[in-house]
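Participant:
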Amino acid sequence: MITIGEQVTRDIQETAEVCVIGSGAGGGSLAAELAEAGVEVVILEEGGYYTSKEFSPHPHKAIPQLYRDAGSSTILGTPAIIFSEGRCVGGSTVINGGMCWRTPERVLHRWRREFGLEEMTPENLEPFFAKVEERINVAPQSPESLGKGDMLFKQAADKLHWLIHPNRRNQKDCTGEDACVFGCPTDRKQSVLITYIPRAMAQGARLYADTRAVKIKAQNGRATEVVAQVLDRQTRKKRHTLTVKAKVIVLAGGALQTPCLLMGSGLAKKSGQVGKNFLCHPNVKVVGIFEDEVRYWAGVHQGHQVHEFLEEGILMAIGGVHPALAALGLPQYGRRSLELMEQWNHMLVAGALVDDTTTGKIVRAPWGQPLAFYQVDHVEHERLIRAAALLCELLFTAGAKKCLLPFTYLQEISGMDEIPKIYEAGIKLSEIEVLTVHAFGTTRMGRDPRRAVVNGFGECHEVKNLFITDGGIIPTSLGVNPQETIMALATRAGQYLLENRARYLG
Ligand SMILES: Cc1cc2nc3c(=O)[nH]c(=O)nc-3n(C[C@H](O)[C@H](O)[C@H](O)COP(=O)(O)OP(=O)(O)OC[C@H]3O[C@@H](n4cnc5c(N)ncnc54)[C@H](O)[C@@H]3O)c2cc1C
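In my numbering, the protein residues as written are -13 to 492.
(1) Report yes if the CB atom of residue 69 is closer than 7 Å to the CB atom of residue 59, and no otherwise.
(2) To the nearest whole angstrom, what separates the beta carbons of residue 203 and residue 213, a pair I think is in contact under 8 Å?
(3) Can you tell me whether residue 467 sits near ligand 1, meaning its C-beta is under 6 Å from at least one heavy atom of the ligand?
(4) Do residue 78 and ligand 1 come close, with the Cβ less than 6 Å from some heavy atom?
(5) Classify residue 314: buried if its beta carbon has 16 or more other beta carbons within 10 angstroms, exposed otherwise.
(6) Distance, Cα to Cα, residue 251 vs residue 379?
(7) Using a threshold of 6 Å, is the CB atom of residue 292 nearer than that to any non-hydrogen atom of ligand 1?
(8) From 376, 459 and 425, pick the residue whose C-alpha is nearest to that of residue 433; which is it?
(9) Measuring only from the beta carbon, is residue 84 closer than 6 Å to any heavy atom that is part of ligand 1?
(10) Let me check one thing: in DSSP terms, what residues is residue 274 bridge-paired to?
(11) Is the beta carbon of residue 394 sitting closer than 7 Å to the one on residue 264?
(12) For residue 292, which of 281, 153 and 413 has the nearest alpha-carbon?
(13) Kindly indicate which residue of -3, 426 and 334 has the alpha-carbon position closest to the one of residue 385.
(14) Near residue 457, which residues of its chain fall below 8 Å by C-beta distance, leaving aside the five closest residues on each side in sequence?
(15) Pick from 186, 246 and 416: whose alpha carbon is nearest that of residue 16?
(16) I want to check one thing, is the minimum distance from the CB of residue 167 to the heavy atoms of ligand 1 below 6 Å?
(17) Report yes or no: do the region 243 to 250 and the region 337 to 353 share at least 3 C-beta pairs separated by less than 8 Å?
(18) Grab me the residues of residue 22's own chain with a C-beta within less than 8 Å of its C-beta, minus the 5 sequence neighbours each way, in chain order.
(19) Quick one: which unbroken alpha helix (DSSP H) runs of 4-plus residues sit fully inside the region 175 to 263? Chain order, please.
(20) Could you tell me the distance, in whole angstroms, from the CA atom of residue 484 to the CA atom of residue 491?
(21) Within a Cβ cutoff of 8 Å, which residues of the same chain sit near residue 19, ignoring the five residues on either side of it in sequence?
(22) Rounded to whole angstroms, how far is the Cβ of residue 280 from the Cβ of residue 338, which I believe are closer than 8 Å?
(23) Alpha carbons only, please: which of 391, 208, 286 and 0 is nearest the one belonging to residue 405?
(24) Within 8 Å, do at least three Cβ pairs link the region 318 to 325 to the region 226 to 239?
(25) Does residue 310 pass the burial test, meaning 16 or more other C-beta atoms within 10 Å, or should it be called exposed?
(26) Quick one: give me the first and last residue of the beta strand (DSSP E) that residue 156 is part of.
(27) How is residue 49 classed by DSSP in three states: helix, strand or coil?
(28) Which residues in the same chain have their Cβ closer than 7 Å to the Cβ of residue 157, if we skip the five residues on either side of it in sequence?
(29) Go ahead and pull the three-state DSSP assignment for residue 401.
(30) Put residue 134 into one of helix, strand or coil per three-state DSSP.
(31) What residues match up with residue 59 in a beta bridge as DSSP calls it?
(32) Where does residue 419 fall in DSSP's three states?
(33) Among residues of its own chain, excluding the 5 on either side of residue -11, which ones have a beta-carbon nearer than 6 Å to its beta-carbon?
(34) Taking the straight line between their C-alpha atoms, what separation do you get for residue 105 and residue 220?
(35) What residues in its chain sit with their C-beta under 7 Å from that of residue 148, if we drop five residues either side in the sequence?
(36) If we ignore side chains and look at the alpha-carbon of each, how far apart do residue 317 and residue 487 end up?
Here you go:
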């Protein structure tokens, strides 16, 4: 029951018990939970429906197909931050790296203390994490899928006595093709596209792809209807209107799109928190160049993570980047860039994300799209510099002869003894290349309606029967990859709706 845009030949009026907007981590998982309990669900997804047969290893095809804005969104600030998210059935889970971590206890503690979310304990969340892990098959990688790059990374961390963990990933028999970010060609990554969406469809859910929700209507303080545009997949122009009258409406378009949709609908304005508190885990990367071939693409995307510096707000991993994308970020151009890329098989790209201590905001542009603003603070500034220095330490320990840095003026160093230069160079924020693929906080959850948009079950404080289950409800920086947290919270919201079925769906 997946309807793609071109199959729609007229305006449509739908009715459903629940309408879910967005089919990614938060939308797809909730839709399946409800559909499997017999709830009539309609899912609206702005992006296209593509299966692994249509995925491509070539960035020029894969990125426009699966990513919003062809992967080139920008978060405004100094430095501007390159941001990517998915726009397809399955959302960002189709193109993500597959890392799966439970919400750390220190983060839950903060949620309880700062946001009055007393029920957010590891014990209470355990069944939801366990259910998600079973649904998307969270498991360590088999040793055969690990490449040489990953092994070098692990050996170096061991040598430095740094805490390093095998990554928990949603995969079944992953063979380490390292194509996660263009959509898994073998369906071994257990994204929402091949787990929750088929479960929901098998129970009669109806999904409209190429369909963008543009307005939520409410009557007497209760959400009642979604107005959406069925788009032409190529031109992205409106072809038809689709309206869905539903008893419950769930927003799961991601932390940038959902606040924008709320603003465009004029809803949930009282708290003043919609679009505020934007968090994004800024990332830096360092490229190590080795004497011998590494061929790190011959192995899984990220087999391990260094957790030694989590308390300092730094998480490190190797990063499976396509050479075309890596070339964009190298500190050279022209012939020098070509010479560098000729060493591609000798390179190992490593990255680190840092915990946010500051927040940004999402604003709705006059043309209806979100604009994200985020100014890296002095704390993250120091963390980004330290993260780059630590990545160099790891890569030199692994045997790198040179490290290419994410800084405009200090572009490379050639040995461990040059690492102090990173701290001493007085690197300004404007001179750091920063990127991210995580977004939270913009419709944050909390007990107090003056400080939060939704409660701990994702229900909007101000609008009855309106729920939010995407990354936007996460109220603080996580410090680890977010998809499992998002799915667990969405699963919990689903259980809450089912337990209160008479009230919401009766
Ligand atoms: C390249 C990359 C690598 C990543 N790696 C990891 C990783 O290894 N581990 C991890 O935990 N996380 C990772 N992430 C992040 C993780 O995938 C996201 O945090 C998570 O998927 C967000 O879930 P969500 O439900 O908020 O949004 P999404 O999963 O992005 O889903 C939102 C969906 O809603 C749709 N939508 C938006 N607005 C509308 C609208 N108005 N109408 C209809 N549909 C709409 C979008 O098209 C999209 O498909 C990665 C992300 C990227 C981009």
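Heads up, the beta-carbon is just placed ideally off N, CA and C, and yes, glycines get one too.
Facilitator: Here's the rundown:
(1) It is a contact, given that the beta carbons lie within the stated cut-off.
(2) Their Cβ separation, rounded to whole angstroms, is 7 Å, which keeps residue 203 and residue 213 in contact under 8 Å.
(3) Checking the 6 Å criterion, the Cβ of residue 467 is within range of a heavy atom belonging to ligand 1.
(4) Correct: residue 78 has its Cβ closer than 6 Å to ligand 1.
(5) The residue is exposed, with fewer than 16 neighbouring Cβ atoms inside 10 Å.
(6) Each residue's Cα considered, the two are about 50 Å apart.
(7) No.
(8) Answer by Cα proximity: 459.
(9) Checking the Cβ of residue 84 against ligand 1 gives yes.
(10) Answer is 334 and 389, bridged to residue 274.
(11) The answer is no: Cβ separation not under 7 Å.
(12) Per the Cα distances, 153.
(13) If we check each option's Cα against that of residue 385, 334 comes out closest.
(14) Beyond the five residues adjoining it in sequence on each side, residue 457 comes within less than 8 Å, by CB distance, of 11, 12, 240, 241, 424, 425, 426, 468 and 472 in the same chain, given in chain order.
(15) Residue 186 is the option with its Cα nearest to residue 16.
(16) Residue 167 Cβ: within cutoff of ligand 1.
(17) Result yes; three or more Cβ-Cβ pairs closer than 8 Å.
(18) In the same chain as residue 22, and ignoring 5 residues on each side of it, the C-beta atoms closer than 8 Å to its own belong to 185, 186 and 189, in chain order.
(19) Runs of the alpha helix (DSSP H) inside the region 175 to 263: 182 to 188 and 243 to 251.
(20) If you take the alpha carbons of residue 484 and residue 491, they lie about 9 Å apart.
(21) For residue 19, the CB contacts under 8 Å within the same chain, skipping 5 residues up- and downstream, are 476, 477, 480, 481 and 484 in chain order.
(22) Wrong, their Cβ atoms sit about 19 Å apart, outside the cutoff.
(23) That would be 391, whose Cα lies nearest to the Cα of residue 405.
(24) Segments in contact, no.
(25) Flag for residue 310 reads exposed.
(26) Counting along the chain, the beta strand (DSSP E) containing residue 156 begins and ends at 154 to 156.
(27) Residue state, collapsed to three classes: helix.
(28) Result list for residue 157: 84, 123, 125, 174, 175 and 176, in chain order.
(29) Residue state, collapsed to three classes: coil.
(30) DSSP places residue 134 in the helix class (H, G or I) of the three-state scheme.
(31) Paired residues: 69.
(32) Residue state, collapsed to three classes: coil.
(33) Hits under 6 Å: 194.
(34) Answer to the nearest angstrom: the Cα atoms are 45 Å apart.
(35) By the criterion of a C-beta distance shorter than 7 Å, residue 148 is surrounded in its chain by 292 and 294, once the five residues flanking it on both sides are discounted.
(36) Rounded to whole angstroms, residue 317 to residue 487 spans 56 Å at the Cα level.
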